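Novice:
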Amino acid sequence: MSTEFDYFGDPRLGKLLDLVLQLSTELHVDRQRLRALEQLLVRRAVLGPGDLDGFTADADGQAVLDRERDLLLTRLMRILTEQGPAEHPLRDQWEAALSGKSG
Numbered sequence: 001m002s003t004e005f006d007y008f009g010d011p012r013l014g015k016l017l018d019l020v021l022q023l024s025t026e027l028h029v030d031r032q033r034l035r036a037l038e039q040l041l042v043r044r045a046v047l048g049p050g051d052l053d054g055f056t057a058d059a060d061g062q063a064v065l066d067r068e069r070d071l072l073l074t075r076l077m078r079i080l081t082e083q084g085p086a087e088h089p090l091r092d093q094w095e096a097a098l099s100g101k102s103g
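The numbering of the sequence shown is full-length UniProt numbering, which starts it at 1 and goes up by one.
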């Protein structure tokens, strides 16, 4: 990690900060979109206020929710396991993917 991006003097803390920032961004975007969607659905009388609170997914819907959760966790774990300097942290993994190796 270059000193330009090394705010804490410890690359592990830098990775933790990256993870927290990614989680914060994901959470903010998801909350904003969910609130907007719920407001639109209530405004158009598709849902009543609070209907989402009692929602239970069917088996297919739950599979989609589970898959989306797993993809999110994979993206977050990638932050902790990436290699290389902050300027191009996934270069090793990218080059391995391009050459057909697992990284």
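We put the CB at the ideal spot given by N, CA and C, even for glycine.
Here the structure is a predicted model, which is why all the values come from computation and not from measurement.
Measuring CA to CA, which of 62, 39, 59 and 60 is closest to residue 51?
Specialist: Mapped onto the sequence shown, residue 51 falls at position 51. It is 39 whose Cα lies nearest to the Cα of residue 51.
Novice: By the three-class DSSP mapping on this structure, what secondary structure does residue 60 have?
Specialist: In the sequence shown, counting from the first residue as 1, residue 60 sits at position 60. Residue 60 falls in the helix class under three-state DSSP.
Novice: Just curious, the alpha helix (DSSP H) that residue 14 is in, first and last residue?
Specialist: Residue numbering aside, residue 14 sits at position 14 when the sequence shown is read from its first letter. Looking at the DSSP string, the run of the alpha helix (DSSP H) that includes residue 14 is 11-43.
Novice: Give me the Cβ distance between residue 98 and residue 23, rounded to the nearest whole Å; I'm assuming they're in contact under 8 Å.
Specialist: The residue labelled residue 98 in the question sits at position 98 within the sequence shown. The residue labelled residue 23 in the question sits at position 23 within the sequence shown. About 29 Å separates the two Cβ atoms, so there is no contact after all.
Novice: Whole angstroms are fine: how far does the CA of residue 82 sit from the CA of residue 7?
Specialist: Working through the sequence shown from its first residue, we reach residue 7 at position 7. Working through the sequence shown from its first residue, we reach residue 82 at position 82. In this structure, the alpha-carbon of residue 7 lies about 18 Å from that of residue 82.
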